[in-house]
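In terms of the working numbering, the sequence shown opens at residue 189 and continues consecutively. Backbone N, C-alpha and C fix where the C-beta goes; we use that ideal spot for every residue, glycine too. To start, the structure itself, in structure tokens.
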Amino acid sequence: MSHVIVIGCGVVGAAIAFELSLLPRLQVTAIDRQHPGQNATSAALGVLMGAISKKVKGRAWQLRQQSMQRYETLIPELEALTQTKIPYNRQGILKLCLGDEKMSKWEELAQLRESQGLPLTILNPFQVRSQYPQLGNIDTLIGAVYSPSDRQVHPVSLTQALVGAAQRHEVKFHFDVTVEGFKTVAGENSTKSVTVVRTNRGDLTADWVVVAAGLGSTPLTAELQKPVSVTPVLGQALQLHLSHPLGNPDWQPVITGDDVHIVPCKDFGSMGSMDYWVGATVEFPTGKSAIVPDETRLNDVLQRAIAFCPDLAQATVVRKWSGLRPRPDEQSAPVLGPLPGYNNVLLATGHYRNGVLLAPATAIAIRDAIVEKISGN
Ligand SMILES: Cc1cc2nc3c(=O)[nH]c(=O)nc-3n(C[C@H](O)[C@H](O)[C@H](O)COP(=O)(O)OP(=O)(O)OC[C@H]3O[C@@H](n4cnc5c(N)ncnc54)[C@H](O)[C@@H]3O)c2cc1C
């Protein structure tokens with residue numbers, strides 16, 4: 189029995205814990221200094237832009253494609269195991285094309301996606317307005333792309349369901365426990381191995397360590413003398429309440445454009461009302477001081493959403509929030525694979541703007557890396 193310790197229980201660590209729980213002969217322990225689904229995960233909008241993303245090849249596309257496929261089986265699996273409903277919008281994503289965007293590029297992408305079994309529908313401005321009456325008169329609108337296979341999921345409900353399902357598969361969770369350091373020994377081929385994970389509540393022996401600690405990954409890898417730099421990029425969003433749904437109540441895809449998402453939240457509405465999440469800002473740190481949410485930027489996002497859907501001007505703001513996205517420095521997101529110099533430490537961090545989208549594929553990559561090593565030994 190190999191013992192895997194997963195550090196971090198945001199959406200990424202929880203997805204890894206669950207995927208590993210499906211393997212025989214592994215004992216899995218997940219540790220978080222808070223409760224599951226806090227930090228970046230609690231701020232996310234859960235928009236899963238796969239087919240409609242412009243990524244077409246290499247790792248970036250493979251991870252998206254694999255996540256989209258896994259989501260379709262994962263959600264029903266988790267719902268059955270936990271007997272809970274996970275808000276999962278299967279009505280697709282409508283991407284508005286504005287200004288000097290080239291529709292020809294979208295047509296090329298649509299052809300490629302068709303061959304991949306992920307059709308996209310290209311709409312002209314007239315079709316957009318007639319099919320989506322909630323949209324106002326957008327001067328710069330040149331068309332839209334509708335992707336029926338893309339999704340949106342409630343990130344915290346998903347994370348809690350992953351934890352609940354993993355618990356049913358004997359994964360042990362330690363919350364309110366902070367990992368503070370490691371004990372290492374020399375391993376094979378001049379690498380090192382972590383043998384013990386040190387926490388503020390005692391030591392745990394480990395055969396494998398998975399660092400899925402988001403922004404906490406930098407100090408943890410620094411403890412191992414191999415710092416992986418992940419820096420915060422702040423995002424703000426808000427929840428709006430409307431007395432009526434935008435457009436057709438039975439047809440509520442996510443609407444996105446100009447880097448603003450309008451996300452229907454059916455589960456919050458009652459008696460014909462409807463809530464929407466709107467976001468998100470992208471605010472980079474300046475210097476070494478902590479990033480402070482800039483109210484004017486959030487207001488700018490709201491005004492852009494109102495420019496798309498004028499009825500949002502009548503909405504009540506129910507909640508505003510912000511979170512810090514873990515963005516890797518000097519390498520592309522996410523950071524996924526072995527920690528250099530160690531033979532039993534895997535990194536699953538730095539997912540930046542797509543951690544919810546990429547969590548299932550990340551979990552599969554970690555599972556495969558462990559299985560390959562175990563079966564090779
Ligand atoms: C406003 C906003 C909107 C977003 N919208 C989307 C979206 O629509 N779609 C999408 O895919 N992504 C979105 N994202 C990005 C997404 O939120 C992140 O990529 C994702 O949540 C990263 O998950 P994670 O599990 O790696 O990190 P986190 O959720 O930050 O979890 C890391 C965990 O590690 C724990 N930890 C850290 N250090 C230690 C330690 N030493 N000991 C124990 N525990 C530790 C922390 O307590 C935390 O719980 C958005 C982000 C923001 C801020």
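Tell me whether G369 counts as near ligand 1, meaning its Cβ is closer than 6 Å to at least one heavy atom of that ligand.
no
When you compare the region 411-430 with the region 523-534, are there three or more beta-carbon pairs, one atom per stretch, that lie closer than 8 Å?
yes
Check the DSSP bridge columns for V385 and list the partner residues they point to.
F370 and L392
Does the region 351-364 come into contact with the region 298-308, if we say contact requires no fewer than three beta-carbon pairs (one atom in each stretch) closer than 8 Å?
no
Looking only at its own chain, which residues have a Cβ that is under 7 Å from the Cβ of S510, when we skip the five neighbours before and after it?
A231, L422, G423, Q424 and P481
Counterpart residues of F314 in DSSP-defined beta bridges
Beta-bridge pairing links F314 to no other residue.
Decide yes or no for the touch test of the region 306-313 against the region 322-334: beta carbon pairs closer than 8 Å, at least 3 of them.
yes
L211 - DSSP class collapsed to helix/strand/coil:
coil
For the structure I just gave you, are there three or more beta carbon pairs, one from the region 237-251 and one from the region 542-561, closer than 8 Å?
yes
Roughly how many angstroms separate the alpha carbons of F206 and E295, rounded to a whole number?
38 Å
Using C-beta distances below 7 Å, list every residue in its chain close to G435, excluding the 5 sequence neighbours before and after it, in chain order.
Y320, P321 and Q322
My output table needs one value for W509: the three-state DSSP class, helix, strand or coil.
strand
Mind checking M189: buried by the 16 CB within 10 Å criterion, or exposed?
exposed
Cβ pair T627, P343 closer than 7 Å
For the chain, the structure presents residues 189 to 565; residue 627 sits outside this window and is missing.
Nearest to V235 by CA position, among L500, V451 and R485, is which residue?
V451
Contact check, D338 vs I195 under 8 Å by CB: the rounded distance?
Contact flag wrong, Cβ pair sits at about 31 Å.
Under 7 Å Cβ to Cβ from F472, same chain only, skipping five residues before and after it: list those, please.
V421
Terminal residues of the beta strand (DSSP E) in which M462 lies:
M462 to G467
Can you check which of these residues, L524, R507 and K508, is closest to R515 by C-alpha distance?
L524
Closer than 6 Å: I219 CB and nearest ligand 1 heavy atom
yes
Determine the contact status of V448 and L535, defining contact as a CB-CB distance below 7 Å.
no
Check each candidate in A203, T383, T484 and A468 and name the one with the smallest Cα separation from L262.
A203
Exposed or buried, what is N388 when buried is set at 16 or more other beta-carbons lying within 10 Å of its beta-carbon?
exposed
Going by beta-carbon coordinates alone, are V397 and I219 separated by less than 7 Å?
no
Using the C-alpha atoms, what's the distance from F363 back to G352?
13 Å
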